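Protein sequences appear in the order of chains A and B. First residue of the first sequence: 1, per our numbering; consecutive thereafter. First residue of the second sequence: 229, per our numbering; consecutive thereafter.
Number of protein chains: 2
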Amino acid sequence: MIKAIIFDLDNTLVDFMLLKTRAVDAAVYAMIDAGLNVSFEVARDKIYEIYNKEGIEYQLVFDKMLTELLGEVDYKIISSGIVAYRTARGAALTPYPNVIPTLIELIKMGLKLAVVSDAPKREAWLRLSYLKLQHMFDVVITFDDTKQRKPSAEPFNLVLKKLELNPEECLMVGDWAERDVVGAKSVGMKTVFARYGDTFNTQNPGSDYDINCISELINIVKKENKLI
Amino acid sequence: MIKAIIFDLDNTLVDFMLLKTRAVDAAVYAMIDAGLNVSFEVARDKIYEIYNKEGIEYQLVFDKMLTELLGEVDYKIISSGIVAYRTARGAALTPYPNVIPTLIELIKMGLKLAVVSDAPKREAWLRLSYLKLQHMFDVVITFDDTKQRKPSAEPFNLVLKKLELNPEECLMVGDWAERDVVGAKSVGMKTVFARYGDTFNTQNPGSDYDINCISELINIVKKENKLI
Chain A
1 MIKAIIFDLD NTLVDFMLLK TRAVDAAVYA MIDAGLNVSF EVARDKIYEI YNKEGIEYQL
61 VFDKMLTELL GEVDYKIISS GIVAYRTARG AALTPYPNVI PTLIELIKMG LKLAVVSDAP
121 KREAWLRLSY LKLQHMFDVV ITFDDTKQRK PSAEPFNLVL KKLELNPEEC LMVGDWAERD
181 VVGAKSVGMK TVFARYGDTF NTQNPGSDYD INCISELINI VKKENKLI
Chain B
229 MIKAIIFDLD NTLVDFMLLK TRAVDAAVYA MIDAGLNVSF EVARDKIYEI YNKEGIEYQL
289 VFDKMLTELL GEVDYKIISS GIVAYRTARG AALTPYPNVI PTLIELIKMG LKLAVVSDAP
349 KREAWLRLSY LKLQHMFDVV ITFDDTKQRK PSAEPFNLVL KKLELNPEEC LMVGDWAERD
409 VVGAKSVGMK TVFARYGDTF NTQNPGSDYD INCISELINI VKKENKLI
């Protein structure tokens with residue numbers, strides 16, 4: 001019997017690539033506006049080059065970009081970029097359609113909810129709080145809690161321990177087959193592939209279920225628990 | 229002849245204490261909401277106690293508060309607080325009435341505009357950018373540019389050098405008599421006391437002028453330059 005649903009965060013509950021793209025685009029426009037004398041493409045490509053090297057959560061990306069492009073950090077330019085980034089991110093930081101009603105329905109059905117994310121602790125929790133989802137989950141496991149990324153068994157074993165459940169009582173939902181599906185399967189959980197979060201639509205997930213909308217989870221749980 | 233107006237930032241262009249109060253109050257409510265089990269007053273007083281010790285711009289104030297009150301940083305609590313703080317600050321971060329039209333009028337009159345602030349470089353520029361004032365000023369001097377606070381002559385001498393003007397060609401506007409008026413006078417500038425920013429209304433400024441609204445600067449410049 002399924003007693004808990006465990007979610008990946010980025011591209012499963014929130015369209016992370018959309019908000020990153022919108023925030024970076026707005027920041028680049030604002031920095032050019034404030035005197036950054038390079039083309040939109042050059043600035044944007046430099047930002048993603050730094051993200052590729054330092055990680056997508058790298059907080060000093062604009063400091064590094066300006067140092068590499070201009071030899072120094074111009075504070076009029078960087079402050080304009082940071083404010084535009086935060087404003088655009090705030091506007092784009094909304095859950096995927098049907099996330100909130102589905103989570104509430106699952107809670108009503110008596111299920112526990114959890115998150116297992118490879119994002120750093122602070123950034124994962126800040127996104128949950130911006131999304132107003134921080135009160136929904138019984139357990140949240142982030143990269144810093146085990147220092148291991150999915151598909152390592154460690155974050156999955158930790159969430160099971162904190163939920164006080166066995167793996168066969170849990171359903172893992174995620175958009176990254178190699179991490180979310182492979183990892184959850186390896187410890188014995190049932191798996192759901194969030195196809196709506198798979199931007200390039202290239203993955204062959206090997207999961208027990210495959211969904212195009214998060215609301216499909218309701219019937220999956222009912223079916224698993226022999227309620228329909 | 230007056231050729232430039234130099235402004236203090238906090239409590240002269242923006243009501244800094246209002247935005248700090250609103251942001252802290254919102255953060256405390258959100259942290260209690262997220263499980264912080266102390267009274268509103270205890271949490272708020274602890275935050276201001278830390279600000280008094282570490283400085284009002286101290287960025288890790290919630291980390292320190294939670295460590296002192298709970299022995300550790302709970303990420304659900306802190307992320308809820310940070311998001312509420314930022315949201316409330318964003319809403320309260322607007323210039324005082326008449327700031328933008330007055331600055332534009334002064335630019336039309338051919339004057340240069342500058343800021344001399346004791347705030348750290350990054351925070352001062354971020355506030356200017358949130359206020360959408362970052363394009364208005366020819367020169368911005370922050371604490372980090374001289375490592376000296378007003379009334380030291382150093383930030384005033386640096387702004388004069390960057391403006392390429394003599395002190396008698398400049399009018400300094402600020403809400404803190406001991407810093408803004410005393411410092412500007414000591415290098416030979418004319419001074420304007422921003423009484424509307426003097427929350428406790430206790431100061432005897434000793435300035436050349438005393439204003440209740442920033443728009444009064446227009447006539448002060450006209451009078452100084454013998455246009456009326």
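Where a beta carbon is used, it is the ideal one built from N, C-alpha and C, also for glycine. It should be emphasised that the depicted structure is a prediction, and the values quoted were computed from it without experimental measurement.
{"query": "Segments assigned beta strand (DSSP E), at least 3 residues, entirely inside the region 84–144 of chain A", "result": "112–116 and 139–141"}
{"query": "CA-to-CA distance, B/Arg-407 to A/Leu-93, given in whole angstroms", "result": "42 Å"}
{"query": "Other residues of its chain near A/Leu-158: CB distance less than 7 Å, five sequence neighbours each side excluded", "result": "Ile-141, Asp-145 and Thr-146"}
{"query": "Within 7 Å of chain B by C-beta, residues of the region 11–43 of chain A in sequence order", "result": "Ala-34"}
{"query": "Close beta carbons around A/Ala-84, own chain, < 6 Å, minus the five adjacent residues each side", "result": "Ala-26, Ala-27 and Ala-30"}
{"query": "Whole-angstrom distance between B/Ser-345 and A/Glu-68, CA atom to CA atom", "result": "28 Å"}
{"query": "Contact with chain B by A/Ser-215, beta-carbon distance below 8 Å", "result": "no"}
{"query": "Bounding residues of the alpha helix (DSSP H) (the contiguous stretch that carries A/Ala-153)", "result": "153–163"}
{"query": "Alpha-carbon spacing of B/Met-400 relative to B/Asp-273, whole angstroms", "result": "34 Å"}
{"query": "For A/Ile-228, three-class secondary structure by DSSP", "result": "coil"}
{"query": "DSSP-derived helix/strand/coil call for B/Phe-428", "result": "coil"}
{"query": "Nearest to B/Asp-302 (by Cα), restricted to the options A/Phe-7, A/Leu-126 and A/Phe-156", "result": "A/Leu-126"}
{"query": "Reference B/Val-358; option with closest CA among B/Lys-418, B/Ile-278, B/Pro-323 and B/Asn-239", "result": "Contrary to the premise, residue 358 of chain B reads as Tyr rather than Val in this sequence. If we check each option's Cα against that of B/Tyr-358, B/Pro-323 comes out closest."}
{"query": "Below-8 Å beta-carbon distance, A/Arg-122 vs any chain B residue", "result": "yes"}
{"query": "Within-8 Å CB hit, B/Tyr-286 to chain A", "result": "no"}
{"query": "Any chain A beta carbon closer than 8 Å to B/Val-311", "result": "yes"}
{"query": "N- and C-terminal bounds of the alpha helix (DSSP H) containing A/Gly-183", "result": "182–187"}
{"query": "Within chain A, partners of B/Leu-354 - CB distance below 7 Å", "result": "Ser-79, Ile-82 and Val-83"}
{"query": "Within 7 Å of chain B by C-beta, residues of the region 66–78 of chain A in sequence order", "result": "Tyr-75 and Lys-76"}
{"query": "Three-state secondary structure (DSSP) of B/Val-266", "result": "coil"}
{"query": "Unbroken stretches of the alpha helix (DSSP H), 4 residues or longer, contained in the region 49–84 of chain A", "result": "61–70"}
{"query": "Reduced DSSP secondary structure (H/G/I, E/B, other) of B/Thr-419", "result": "strand"}
{"query": "Contacting residues, own chain, Cβ-Cβ under 6 Å from B/Lys-418 (five flanking each side not counted)", "result": "Leu-399 and Asp-436"}
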